[in-house]
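Position one of the sequence shown corresponds to residue 20 (the working numbering), numbered consecutively onward.
The next block holds one structure in the form of structure tokens; read it before the comments.
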Amino acid sequence: MLNVHLVMGVTVLVTNLVAGAWGAWCWYEHRPSVAFWYMLRVAQVAVVVQITLGAALLLDGRESPDSLHYLYGLLPIVVTLLAEGARAVATEHEVEGLDFESLPKERQRAVAVAITRRETGIMAVSALVIFGLALRAYFTSPLG
20 MLNVHLVMGV TVLVTNLVAG AWGAWCWYEH RPSVAFWYML RVAQVAVVVQ ITLGAALLLD
80 GRESPDSLHY LYGLLPIVVT LLAEGARAVA TEHEVEGLDF ESLPKERQRA VAVAITRRET
140 GIMAVSALVI FGLALRAYFT SPLG
């Protein structure tokens, strides 16, 4: 199971780096990307699987020699939850006071693009933060 935990750790690193970089590029270029959201969700699932594997190892009595490993291992789920909350707040902020249905179609599209861009930026930053935390988790593991 330790080898699976290691492979999933690499998966967490790679998927979050790719999602974060891709999302940052989409945000910078003002290009919405449906594929970014799929990649982000894959990265988030990888985090959940990795934490589950880590918990199974811990329950099996296989502890990390560095207690910081647990902090860096659990913070990604906290970052994910905070980012999802920030996304919701950002959307509310963008549509606050608007009667979206009564807006002209071009204004509706502009609002939707602004919401998507803001959400992409938030989630790209969260993926890059998770990449950094996962890297720190690796360096606090026996392999690092």
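Cβ atoms here follow ideal geometry from the backbone N, Cα and C, with glycine treated the same way.
>> Could you tell me the alpha carbon to alpha carbon distance between Pro84 and Gly116, rounded to whole angstroms?
In response: Numbered from its first residue, the sequence shown carries residue 84 at position 65. Numbered from its first residue, the sequence shown carries residue 116 at position 97. Pro84 and Gly116: Cα-Cα distance of roughly 53 angstroms.
>> Am I right that Glu113 and Val130 are in contact with their C-beta atoms under 8 angstroms? What's the rounded C-beta distance?
In response: One-based indexing of the sequence shown puts residue 113 at position 94. One-based indexing of the sequence shown puts residue 130 at position 111. Contact holds; Cβ gap of about 6 angstroms.
>> Along the chain, where does the alpha helix (DSSP H) containing Gly104 start, and where does it finish?
In response: If you number the sequence shown from 1, residue 104 lands on position 85. Note, Gly104: alpha helix (DSSP H), 87-114.
>> Which residue marks the beginning of the alpha helix (DSSP H) containing Met20, and which one marks its end?
In response: If you number the sequence shown from 1, residue 20 lands on position 1. Run containing Met20: none; DSSP gives neither H nor E here.
>> Am I right that Ile149 and Val66 are in contact with their C-beta atoms under 8 angstroms? What's the rounded C-beta distance?
In response: As a first step, residue 149 must be located in the sequence shown, where it is residue number 130. As a first step, residue 66 must be located in the sequence shown, where it is residue number 47. Their Cβ separation, rounded to whole angstroms, is 6 angstroms, which keeps Ile149 and Val66 in contact under 8 angstroms.
> Given that a residue counts as buried once 16 or more other Cβ atoms are within 10 Å of its Cβ, and exposed if not, what is Leu152?
Replying inline: Here residue 152 refers to the residue found at position 133 of the sequence shown. Under this definition Leu152 is a buried residue.
> In this structure, does DSSP put Glu48 in helix, strand or coil?
Replying inline: As a position in the sequence shown, residue 48 is number 29, starting the count at 1. Of the three classes helix, strand and coil, the one that applies to Glu48 here is helix, per DSSP.
>> Check for me: the alpha helix (DSSP H) holding Phe150 runs from which residue to which?
In response: In the sequence shown, counting from the first residue as 1, residue 150 sits at position 131. 124-158 is the span of the alpha helix (DSSP H), which, as asked, contains Phe150.
> CA-CA distance, Leu154 and His88?
Replying inline: Here the question's residue 154 lines up with position 135 in the sequence shown. Here the question's residue 88 lines up with position 69 in the sequence shown. If you take the alpha carbons of Leu154 and His88, they lie about 10 angstroms apart.
> Nearest-angstrom Cα distance between Phe158 and Glu82?
Replying inline: As a position in the sequence shown, residue 158 is number 139, starting the count at 1. As a position in the sequence shown, residue 82 is number 63, starting the count at 1. Straight-line Cα distance between these residues: approximately 15 angstroms.
>> Given this structure, state the Cα-to-Cα distance separating Ala105 from Arg137, to the nearest angstrom.
In response: Here the question's residue 105 lines up with position 86 in the sequence shown. Here the question's residue 137 lines up with position 118 in the sequence shown. One C-alpha to the other measures close to 10 angstroms.
> In terms of residues, what are the limits of the alpha helix (DSSP H) holding Arg60?
Replying inline: On the sequence shown, position 41 is the one that residue 60 refers to. 53-78 is the span of the alpha helix (DSSP H), which, as asked, contains Arg60.
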